[in-house]
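Novice: Just passing along the structure, written as structure tokens.
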Amino acid sequence: MPTTILRKESLIPGTTSKMVLHAPHIAQKALPGHFVMLRMSPQGERIPLTIADTDREKGTITIVYLVMGKSTALLEELDTGGSILDVCGPLGRPTRIEKHGTVICMGGGTGIAAMHHIAKGHARIGNRVVGIIGARRKDLLLFEKELASFADELLISTDDGSYGHKGLVTDLLRRRLEKDKSVFEVVAVGPVPMMAAVADTARPFGVRTTVSLNPIMVDGIGMCGACRVSVGGKTRFACVDGPEFDGHEVDFAELRRRLGAFRDQETISIDAHRRAIHGN
Amino acid sequence: METRKTPKPLAPRVEMPCQPPHVRRANFAEVALGYTREMAMQEAARCLQCKKPLCVKGCPVEVPIRDFIAQVAQGNMDAAYRIIKSTNSLPAVCGRVCPQENQCEGKCVLAAKGQPVAIGRLERFVADSFIAASGCEQVLGSTACALPLKGPRVACIGSGPASLTCAGVCAVEGIRVDVFEALHEPGGVLVYGIPAFRLPKDVVATEINGLRQMGVNFQLNFVGGRTVDVRDLQEEYDAVFIGVGAGLPVFLGIPGENLVGVFSANEYLTRVNLGRAYDFPRQDTPPYPGKNVTVFGAGNVAMDAARTALRMGAESVHIVYRRTRAEMPARLEEIEHAEEEGVQFSLLSAPVRFNGNEEHQLVSVTLQRMELGEPDSSGRRRPVPVEGSEYDLPTDLAIVALGTRSNPVLLDATPDLRKNKWGYIEVNEDTGETSMPNVFAGGDIVTGAATVILAMGAGRRAGQEIVRRLHGRGQ
Numbered sequence: 001m002p003t004t005i006l007r008k009e010s011l012i013p014g015t016t017s018k019m020v021l022h023a024p025h026i027a028q029k030a031l032p033g034h035f036v037m038l039r040m041s042p043q044g045e046r047i048p049l050t051i052a053d054t055d056r057e058k059g060t061i062t063i064v065y066l067v068m069g070k071s072t073a074l075l076e077e078l079d080t081g082g083s084i085l086d087v088c089g090p091l092g093r094p095t096r097i098e099k100h101g102t103v104i105c106m107g108g109g110t111g112i113a114a115m116h117h118i119a120k121g122h123a124r125i126g127n128r129v130v131g132i133i134g135a136r137r138k139d140l141l142l143f144e145k146e147l148a149s150f151a152d153e154l155l156i157s158t159d160d161g162s163y164g165h166k167g168l169v170t171d172l173l174r175r176r177l178e179k180d181k182s183v184f185e186v187v188a189v190g191p192v193p194m195m196a197a198v199a200d201t202a203r204p205f206g207v208r209t210t211v212s213l214n215p216i217m218v219d220g221i222g223m224c225g226a227c228r229v230s231v232g233g234k235t236r237f238a239c240v241d242g243p244e245f246d247g248h249e250v251d252f253a254e255l256r257r258r259l260g261a262f263r264d265q266e267t268i269s270i271d272a273h274r275r276a277i278h279g280n
Numbered sequence: 281m282e283t284r285k286t287p288k289p290l291a292p293r294v295e296m297p298c299q300p301p302h303v304r305r306a307n308f309a310e311v312a313l314g315y316t317r318e319m320a321m322q323e324a325a326r327c328l329q330c331k332k333p334l335c336v337k338g339c340p341v342e343v344p345i346r347d348f349i350a351q352v353a354q355g356n357m358d359a360a361y362r363i364i365k366s367t368n369s370l371p372a373v374c375g376r377v378c379p380q381e382n383q384c385e386g387k388c389v390l391a392a393k394g395q396p397v398a399i400g401r402l403e404r405f406v407a408d409s410f411i412a413a414s415g416c417e418q419v420l421g422s423t424a425c426a427l428p429l430k431g432p433r434v435a436c437i438g439s440g441p442a443s444l445t446c447a448g449v450c451a452v453e454g455i456r457v458d459v460f461e462a463l464h465e466p467g468g469v470l471v472y473g474i475p476a477f478r479l480p481k482d483v484v485a486t487e488i489n490g491l492r493q494m495g496v497n498f499q500l501n502f503v504g505g506r507t508v509d510v511r512d513l514q515e516e517y518d519a520v521f522i523g524v525g526a527g528l529p530v531f532l533g534i535p536g537e538n539l540v541g542v543f544s545a546n547e548y549l550t551r552v553n554l555g556r557a558y559d560f561p562r563q564d565t566p567p568y569p570g571k572n573v574t575v576f577g578a579g580n581v582a583m584d585a586a587r588t589a590l591r592m593g594a595e596s597v598h599i600v601y602r603r604t605r606a607e608m609p610a611r612l613e614e615i616e617h618a619e620e621e622g623v624q625f626s627l628l629s630a631p632v633r634f635n636g637n638e639e640h641q642l643v644s645v646t647l648q649r650m651e652l653g654e655p656d657s658s659g660r661r662r663p664v665p666v667e668g669s670e671y672d673l674p675t676d677l678a679i680v681a682l683g684t685r686s687n688p689v690l691l692d693a694t695p696d697l698r699k700n701k702w703g704y705i706e707v708n709e710d711t712g713e714t715s716m717p718n719v720f721a722g723g724d725i726v727t728g729a730a731t732v733i734l735a736m737g738a739g740r741r742a743g744q745e746i747v748r749r750l751h752g753r754g755q
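Sequence lines, in order, name chains A and B.
Position 264 of the first sequence, counting from 1, maps to 264 under the working numbering, and the rest follow consecutively.
If you want the working numbering, it's the 1-based position in the second sequence plus 280.
In structure tokens, the structure reads:
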């Protein structure tokens, strides 16, 4: 059964959008940290997206995506009232949320949306949530309002200084960890280099660091090992053992290389799609 | 059985026409082309119509083989179909992928001379040639078999051979069945694992449509243990069958295994079969191109992966196995097909490590030669490494086909299910019932990775028990 898109909202025109989907079965079970696999057309591939929010009463889940290749381009062509062919989930292990004190939740790019769901879980259980989010420019910042509605503090950085701190999110993290001993965990969701930098920054402070990994996935249910990552020298499947792991143990360099495994095919695919759209 | 005097020497088994190796290694069309009507009738005439047919005992779902073959011999294909379908929900599948030499055909009295009746080929012919107006007609010979709106309901988790068979057994008896499948297409290993050149996807779709027409309802994108819990289903349904398979792939555990270019057979085959990556970029799932392909393992999955790689354009495909040809677990027919198509076998060889370039892409695998030593606990001679025999095999795509383990997704979410020491679900062998009342299980999630037909046998046993209980209770 296709899944209806109840609302689509453009967050950054042309690149990033948010969709609220009617998916009562998934909404019923989904917890922070879970993801879904989607397929847009009968010829389509399966892609993973983190669940950015849920509403159990309304039976909805929210997804946020960055248009990067053919599948996300196909998703972007859909609109409110349309439907997605296949949505499967909730998948993965939920975030470990225990009441402990202060948790710093860090997000970069579309990762802010996924982080926001995790941060919300921590806020609900009564942890003190410090949000740290960053973007290249002010207008590329996501979910500021949503985070501000429940976070105890929200720190912002931009690369060009157009909003908040000028620099990187890790600058803000370092400063915070230097003066705040109540932090029991740092959670980071974003591009691989950002998560690696967060882990490096937190390491000397000995603070638990959790990252949500985004490797290539095919089935998302533990059948194939496409999403395998090295954590503490051991091979783990991100779709069933994760996607969240101890950031101090993850081999980020290997993850980055494996993410590039199909770069040539991805280019072929998006080029063929653009030619088909522009009709030549 | 009394031996009957045969008046004339027995006719030889009718051969199955096949695509020639040099043609088929470049396409995904079915290798074996199937009998014609004349061939089927000629082969059926070889059956001795034993009073106590041993072939039926060799069939895990107990197809009334003698009786259907009698109908084929007379040219009554529809009658033959109904006889097969009375115990087998997926005859077009079984006729193609069962290891008949170890099952029905192995028990045929003519097998002693190496010429058993070609039961699998006949079953396949009958299934392929029958065109029913409706799913009910397939089974009952009547177009009217509307399911009662009220009455017992059964949930099956997974839609592989075990669940499909259980669903079929229940549906024939007028029980409403909902099948919950995690992927976007039903069929389990029949759609993501076994390649189209052995089992065309439209054959699977036809069998599944037959079940749909009998009232079986498929809920796709529902993951057992995630989207639906066994306990929820137990409350909502009169019985639950778990047939989720053993899908978690085993890797070699040697250095370099996470280099770009090393795949599990499950991933490689899922991309090509379920994702139809052979038709990329018309289909969006990308294949990973490989010129020199090495496959590890020697079971049917290894043969499927190796033959798929050839069809995807590989220049050379090696199968690496640490024992000898005699120990290879794949069906002889599959090994021969692979050889004919040009797959090379590196026997008595074991992988030591994968080697990558600066970009961490796979460039070769280091192998070590083995020799057979003393027999181990399984009675097979243990392969022992030969000192100083390491050599490199150029490889840009490696496929690991060493088998699978139990998938933890459903088991972790269902702590009430008792597991055996290997981590699979423990069941009552006669009924298929688990430690949770009215929750049954069968197939690879009980036995570990086995065959399609054994999973179907387990699905049938559980289905029959469910029918017995529900109809007994309802009346």
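Note that beta-carbon positions come from the ideal geometry of N, C-alpha and C, so glycine has one too.
Remember, it's a predicted structure, so these values are computed and weren't measured experimentally.
(1) In this structure, what does DSSP give as the bridge partners for B:Ser-644?
(2) Measuring only the C-alpha atoms, how far is A:Ser-10 from B:Asn-538?
(3) Mind listing, in chain order, the continuous beta strand (DSSP E) runs of no fewer than 3 residues lying wholly within the segment 660-725 of chain B?
(4) Within the continuous beta strand (DSSP E) that includes A:Ala-188, where are the two ends?
(5) Around the Cβ of B:Gln-755, are there at least 16 other Cβ atoms within 10 angstroms (buried) or fewer (exposed)?
(6) Pick helix, strand or coil for B:Val-449, following the three-state DSSP scheme.
(7) To the nearest angstrom, how far is it from the Cα of B:Asp-458 to the Cα of B:Ile-345?
(8) Can you tell which of B:Gly-490, B:Pro-480, B:Ser-409, B:Ala-476 has the C-alpha that lies nearest to the C-alpha of B:Ala-447?
(9) Compare the C-beta of A:Asp-139 with all C-beta atoms of chain B and state if any pair is closer than 7 Å.
(10) Please report how far the alpha carbon of B:Ala-618 lies from the alpha carbon of B:Pro-301, in whole angstroms.
(11) Out of B:Leu-313, B:Cys-388, B:Ala-372, point me to the one whose CA is closest to B:Gly-338's CA.
(12) Please name the residues in the segment 21-46 of chain A whose beta-carbon is closer than 7 Å to at least one beta-carbon of chain B, in chain order.
(13) Please report the distance separating the alpha-carbon of B:Tyr-558 from that of B:Phe-531.
(14) Counting only Cβ pairs nearer than 8 Å, list the residues of chain B close to A:Arg-257.
(15) So what does DSSP say about B:Leu-290, is it helix, strand or coil?
(16) Determine, using beta carbons only, whether B:Val-632 and B:Thr-646 come nearer to each other than 7 Å.
(17) Look at the alpha carbon of B:Thr-445 and the alpha carbon of A:Val-129, and state the distance between them as a whole number of angstroms.
(18) Roughly how many angstroms separate the alpha carbons of B:Lys-430 and B:Ile-455, rounded to a whole number?
(19) What residue range is occupied by the uninterrupted beta strand (DSSP E) comprising A:Met-106?
(20) How do the segment 537-554 of chain B and the segment 623-639 of chain B stand: do at least 3 beta-carbon pairs fall below 8 Å, yes or no?
(21) For a contact defined as C-beta to C-beta under 8 Å, what are the partners of B:Leu-479 on chain A?
(22) Leaving out five residues before and five after A:Met-223 in sequence, what residues of the same chain have Cβ atoms less than 7 Å from its Cβ?
(23) With a threshold of 7 Å between beta carbons, is B:Ala-462 in contact with chain A?
(24) Check the Cβ-Cβ distances between A:Val-211 and every residue of chain B, and say whether any is below 7 Å.
(25) Taking 7 Å as the CB-CB limit, is B:Asn-580 close to chain A?
(26) For A:Phe-252, which three-state DSSP category applies?
(27) Taking A:Glu-254 as the query, report the chain B residues whose CB atoms sit under 7 Å from its CB, ordered along the chain.
(28) Which residues of the segment 503-533 of chain B have a Cβ closer than 7 Å to any Cβ of chain A? Give them in chain order.
(29) Please list the partners that A:Pro-90 has in chain B, where partner means a Cβ-to-Cβ separation under 9 Å.
(30) Of all the alpha helix (DSSP H) runs that stay within the bounds of the segment 7-86 of chain A, which reach a length of 4 or more residues?
(31) If you check the beta carbons only, do A:Met-115 and A:Val-189 fall under 7 Å apart?
(32) Extract the residue ranges of the beta strand (DSSP E) inside the segment 503-567 of chain B, only unbroken runs of 3 or more that lie entirely within it.
(33) Return the residue from the list A:Val-218, A:Asn-214, A:Val-192, A:Arg-175 that minimises the CA-CA distance to A:Thr-340.
(34) Mapping DSSP to helix, strand and coil, what is B:Val-471?
(35) Using a beta-carbon distance cut-off of less than 7 Å, what residues from the segment 228-241 of chain A approach chain B?
(36) Helix, strand or coil: which one does DSSP assign to B:Ser-409?
Specialist: On the basis of the coordinates in this document:
(1) B:Asn-635, B:Pro-674
(2) 37 Å
(3) 661-674, 677-680, 719-721
(4) 183-189
(5) Confidence at B:Gln-755 is low in this model, with a pLDDT of 37, below 50, so its placement is unreliable and the value that follows should be read with caution. So B:Gln-755 ends up on the exposed side.
(6) helix
(7) 30 Å
(8) B:Gly-490
(9) no
(10) 9 Å
(11) B:Cys-388
(12) His-25, Ile-26, Lys-29, Arg-39, Gln-43, Gly-44, Glu-45
(13) 25 Å
(14) Val-540, Glu-639, His-640
(15) coil
(16) yes
(17) 52 Å
(18) 9 Å
(19) 102-108
(20) yes
(21) Neighbours of B:Leu-479 on chain A: none; closest Cβ ~18 Å, over 8 Å.
(22) none
(23) yes
(24) no
(25) no
(26) helix
(27) Asn-538
(28) Val-503, Arg-506, Thr-507, Gly-527, Leu-528, Pro-529, Phe-531
(29) Val-503, Arg-506, Thr-507
(30) 24-29, 70-77
(31) yes
(32) 519-522, 542-544
(33) Residue 340 of chain A lies beyond the residue range present for chain A, which begins at 1 and ends at 280; the question has no answer from this structure.
(34) helix
(35) Arg-228, Ser-230, Thr-235, Val-240
(36) helix
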